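Numbering (our numbering), first residue to last: 1301 to 1453. Using N, Cα and C, we set each Cβ at its ideal position, and we do this for glycine too. All of these numbers come straight from a predicted model, not from anything done at the bench. Structure record follows, encoded as structure tokens.
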């Protein structure tokens, strides 16, 4: 049996994958940037970041963002800003979307590393087959609140 081949620089996350483009260690923690591809159906619920501003730059697909009271229908080539302390969420409107996610400061990158694994064999996008187990959701919510200052609404 052949062992899995790690795909250099990519990590599997939430049915999709990402690659770190700017590591927070390289910016003194000031920012981080990832190139992320996700399937429809794995989007985060409405939430508020206590510490980070986020920028989303769409590379492929369409995403409907709600930032505070504002709804933004974004397509490839559009950028969206989500300031800290403002409720936001997004909905992927295609089977999958690819975007750059810029986080300032960059500590939120630790969350992506904690909840991902090195990508193996092929970069695949897998739509969700149902909700995650309740204990996995409880663990993630707890970590988001305690370690990363993110409150789900």
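When the alpha-carbon of residue 1377 is set against those of 1365, 1347, 1358, the nearest one is in 1358. Annotation note: the region 1373-1434 contains the following uninterrupted alpha helix (DSSP H) runs of length 4 or greater, listed N- to C-terminal: 1409-1414. Secondary structure at residue 1444: helix, using DSSP grouped into helix, strand and coil. In the structure shown, residue 1438 falls within a helical segment according to DSSP collapsed to helix, strand and coil. Here residue 1351 is actually not in contact with residue 1428; their C-beta atoms are around 28 Å apart, not less than 8 Å.
Residue 1356 is a Cβ neighbour of residue 1399, given a cutoff of 7 Å. Here the C-alpha atom of residue 1349 lies approximately 14 Å from the C-alpha atom of residue 1390. Under the three-state reduction of DSSP, residue 1324 is assigned to helix. Under the DSSP assignment, residue 1330 falls outside any beta strand (DSSP E); it carries neither an H nor an E label. With the rule of 3 Cβ pairs closer than 8 Å, the region 1430-1437 does not count as touching the region 1321-1329. By the beta-carbon neighbour count (other beta carbons within 10 angstroms, threshold 16), residue 1324 is buried.
Under the three-state reduction of DSSP, residue 1453 is assigned to coil, being neither helix nor strand.
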